[in-house]
Amino acid sequence: MNGRIVAGFLVATALAVGAGVYYTQEYAYYRTIQPGTERARIRLTDRTGALRDVPIRDFQGIDADSSPLRYRACFRIDLPTEELTRDFTPWPQAEPRIAPRHFPCFDAVRIGNDLEAGLALAFLAERDIAPGVDRVVAVYPDGRAYAWHQLNESAE
1 MNGRIVAGFL VATALAVGAG VYYTQEYAYY RTIQPGTERA RIRLTDRTGA
51 LRDVPIRDFQ GIDADSSPLR YRACFRIDLP TEELTRDFTP WPQAEPRIAP
101 RHFPCFDAVR IGNDLEAGLA LAFLAERDIA PGVDRVVAVY PDGRAYAWHQ
151 LNESAE
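Listed below in structure tokens is the structure:
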């Protein structure tokens with residue numbers, strides 16, 4: 001009988017810890033980025049290395065102070081693809097990072113596959129937005145765009 005109580009306690013404790021870890025990873029540190037704020041500002045690095053604001057709309061974003069890699073954003077960019085490819089720095093090493101489930105507009109697997117297939121283009125948004133971390137933006141021809149942070153070579 002005592003063995004069942006101990007085993008039950010261990011299982012209940014493991015489930016509680018697992019639920020806590022899941023909640024922490026998926027929800028605890030994230031907060032919504034309000035459109036029109038500094039964190040919602042999207043700038044791209046032009047071919048001279050200068051940062052330029054780009055016109056966006058329909059912004060949705062999340063971020064966390066616990067890690068610079070938690071930034072994700074979905075928006076529409078109001079520049080034609082031809083202008084983007086002419087004026088801004090392409091980023092062939094783009095690797096979208098998986099977003100938490102509560103942020104469904106950002107599908108990293110689809111974005112990554114579309115980048116590999118040439119259905120979307122990646123650009124360097126801001127180099128070293130945090131030490132060793134770059135902001136990258138992927139843009140589709142219809143104006144859909146997605147931003148995330150990823151480690152650069154100085155952090156690897």
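Per the UniProt record's numbering, the sequence shown starts with residue 1, numbered consecutively. We put the beta carbon where it would ideally sit given N, CA and C, even for glycine.
Checking the DSSP bridge columns, you'll see residue 146 partnered with 74, 138. A straight line joining the alpha-carbon of residue 133 with that of residue 14 spans about 35 Å.
Rounded to the nearest angstrom, the gap between the Cα atoms of residue 151 and residue 59 is 23 Å. About 6 Å separates the beta carbons of residue 51 and residue 126, which is inside the 8 Å limit, making them a contact pair. Only residues of its own chain outside the window of five on either side were considered, and among them 68, 69, 71, 133, 135 have a CB closer than 6 Å to the CB of residue 149, listed in chain order. Counting C-beta atoms within 10 angstroms of its own C-beta, residue 7 has fewer than 16 neighbours from the protein chains shown and is therefore classed as exposed. Taking a C-beta distance under 8 Å as the contact criterion, residue 53 and residue 39 do not qualify as a contact pair. Per DSSP, the unbroken beta strand (DSSP E) holding residue 56 starts and ends at 56 to 63. With a cut-off of 8 Å on Cβ pairs, the stretch 104 to 118 is not in contact with the stretch 78 to 88, counting fewer than three such pairs. Linking residue 47 to residue 33 through their CA atoms gives a straight-line distance of about 28 Å. Per the DSSP secondary-structure output, residue 133 pairs in a beta bridge with 130, 151.
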